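Reading through the structure tokens given below for one structure.
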Amino acid sequence: MIADTTAHQQKAQPILVALFASDTHLNPALPKTTEIFLDFLQQHARHAPALYLLGDLFEYWVGDDNIADPYNQMIVQALHALHEHGVELYWIGGNRDFLIGEGFAAATGAVLLADPHVLEVAGQRIAITHGDAQCTDDHAYMEFRQKVRQSDWQQAFLAMPLTQRKSIIEGLRTESKMEQKQKSVEIMDVNNTAIADLFSQTQATTLIHGHTHRPAIHIHDGHARHVLADWECDTTPPRGGWLALYSDASIQAYHHDGKPVTTTAISD
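Its first residue numbered 7, the sequence shown is counted upward by one per residue in my numbering.
See the structure below:
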């Protein structure tokens, strides 16, 4: 008699579908963060079918004509190598690097996505966004965002000399840091009504975003909102991490060192 071994077979392990990361704020002043992000691309992202970068990869981006900057070139080449390895690379601009354009896409192999974007993967309808458009309680920022996202403003800005653009961005960064010290955390977080509107607009069951630097899982009327971690590995303790989506529709958070994160969902 031949034994039936079906019941003894181990359950198939879920397959990695995609990784999601945002808010690395890469710049030469953060050498350890840069090193750990490049290690993430080499040690983790290269094993994923797809990597979604949801904004603020760079601390600032003044235009694609600055790709030749040695630091920017290093990051671009690392992303291009990942793409050449066979990883599909997708991009959504953040509030720091929304001026990334087709030049960057061509140099890295990334596909530039509109914000928000909806994925239908692993049996789920997942909305992805940077997250700043949902911070509607921060009225001053929303007015600024509306201005700089207009094509006329962007064309005028990109027509300026590179050195002038860098000077303007540096001034805006300094001003932003001063303003943030006077704002409450709640004002700079997403607005629940804006989140509900996004779920309704996209008909998504799951939302993934960054921007707020407050990694967590929130439950909105039965729908899960996953907030990505920001990266700052040049401080103590270091911060950073990513989300992994698997074929069984599970989503797991990981620290910058590759260790899984245990997260308790918050009901909003």
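Heads up, the beta-carbon is just placed ideally off N, CA and C, and yes, glycines get one too.
Just so we're clear, the structure is a prediction, and the values are computed from it rather than from any experiment.
Taking the alpha carbon of residue i as the reference point, which residue from the options has its own alpha carbon closest?
i, options, result
"M148", "R220, S190 and M194", "M194"
"T212", "T218, D227 and R220", "D227"
"T39", "S273, I272, D274 and H261", "H261"
"H91", "H219, Q49 and F26", "Q49"
"V68", "A113, S173, E238 and A112", "S173"
Would you please state the rounded distance, in angstroms, between the beta carbons of residue i and residue j? I believe it to be under 8 Å.
i, j, result
"L234", "I257", "Actually they are not in contact, since the Cβ atoms of L234 and I257 sit about 11 Å apart, beyond 8 Å."
"D263", "H31", "18 Å between Cβ atoms; not a contact."
"G216", "G61", "6 Å"
"A259", "L251", "That pair is no contact at about 11 Å."
"G100", "D138", "7 Å"
"F104", "R155", "7 Å"
In whole angstroms, give me the CA-to-CA distance for residue i and residue j.
i, j, result
"I21", "S253", "5 Å"
"M80", "K265", "26 Å"
"V196", "I98", "18 Å"
"A9", "Q19", "Only weak support exists for where A9 lies, its pLDDT of 44 falling under 50; the coordinates are left without a value."
"A120", "Q160", "16 Å"
"D144", "H123", "23 Å"
"Y58", "L47", "12 Å"
"H89", "A116", "8 Å"
"I42", "T135", "24 Å"
"Y66", "N33", "8 Å"
"P55", "Q152", "34 Å"
"M166", "N72", "13 Å"
Anyone know if the C-beta pair for residue i and residue j falls short of 9 Å?
i, j, result
"I201", "T270", "no"
"H232", "A210", "no"
"A24", "L125", "yes"
Among all the DSSP beta bridges, which residues are the ones paired with residue i?
i, result
"I81", "BP columns for I81 are empty, so no partner."
"W248", "Y260"
"H224", "R231 and I272"
"L95", "L57"
"Q130", "V127"
"P266", "Y260"
"I214", "I134 and H232"
"A27", "L59"
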